[in-house]
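Numbers 1152 to 1330, taken from this note's numbering, label the letters of the sequence shown in order.
The structure under discussion appears below in the form of structure tokens.
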Amino acid sequence: MAKVLYSVTMSVDGFIAGPGGDMQWMRPYLGPNPEVDALIPRIGSLLVGRRSHDGDDPHKGETGEGEAFGGGWSGPMYVVTHRVPDAPEPGVTYVNDFARALAAAKESAGDRYVNVIGANVAKQCIEAGELDEVLLLFAPVMLGDGTRLFDQAGGRTVRLERKSVTETALATSLWFDVV
């Protein structure tokens, strides 16, 4: 059965995108990462928010632009949106209902991961009790503003249990189970 994983690169001050959705801040930290390289073949499908899907690409102007993990992964992608395009792109399924999108992504993933991309979709997974794991790749930078990893008006505690810590020259990875 598929597990739902929120994997994301984050600044040390808690932002996953800079002001206006800027993802170019991430470029210096996209180097080799054995943990990410080992994760990619374990991903069966992607569950992506529309803003993340349509937004800035840290691989802009490079090979792999517009592709998941810079072209390192391919497979079924489910985009959660209230604005389904008239002419969808190949390989992408646009779904206007979160629960249906998650169910389809889990079915497609089989016994591999559904990898979540986007803070709002990750928040919906948490609210539905469907998030199983979190992989945080901490980049040694502070952005000061942007999109937070998890933002809940009034606050909310989500308990995590650390599974592993991996350090590379460019980032530190922390892998958690959601308790």
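Backbone N, C-alpha and C define an ideal beta-carbon position, used for all residues, glycine too.
Quiz item: Taking contact to mean at least 3 C-beta pairs separated by less than 8 Å, is the region 1219–1237 in contact with the region 1279–1294?
Solution: With the cut-off at 8 Å, the region 1219–1237 and the region 1279–1294 do not touch.
Self-check item: Nearest-angstrom Cβ-Cβ length linking Y1264 and L1156, presumed shorter than 8 Å
Solution: About 5 Å separates the two Cβ atoms, so the contact holds.
Quiz item: From this set, V1187, A1254, E1218, which residue's C-alpha is nearest C1276's C-alpha?
Solution: The alpha carbon of C1276 has as its nearest neighbour, out of V1187, A1254, E1218, the alpha carbon of A1254.
Quiz item: Based on the DSSP secondary-structure assignment, which residues constitute the bridge partners of F1327?
Solution: Per DSSP, V1285, R1313.
Exercise. Can you check the region 1229–1274 for any beta strand (DSSP E) of at least 3 residues that lies completely inside it and give the ranges in chain order?
Key: Complete beta strand (DSSP E) runs here, min 3: 1243–1246, 1264–1268.
Quiz item: DSSP puts I1194 in a beta bridge; with which residues?
Solution: According to DSSP, I1194 bridges with Y1264.
Self-check item: Paired residues, beta bridge with T1298 - DSSP
Solution: According to DSSP, which records beta bridges pairwise, T1298 is partnered with A1168.
Quiz prompt | Contact check, V1159 vs L1300, beta carbons under 8 Å | solution = Yes; because the gap between Cβ atoms is below 8 Å, this pair is in contact.
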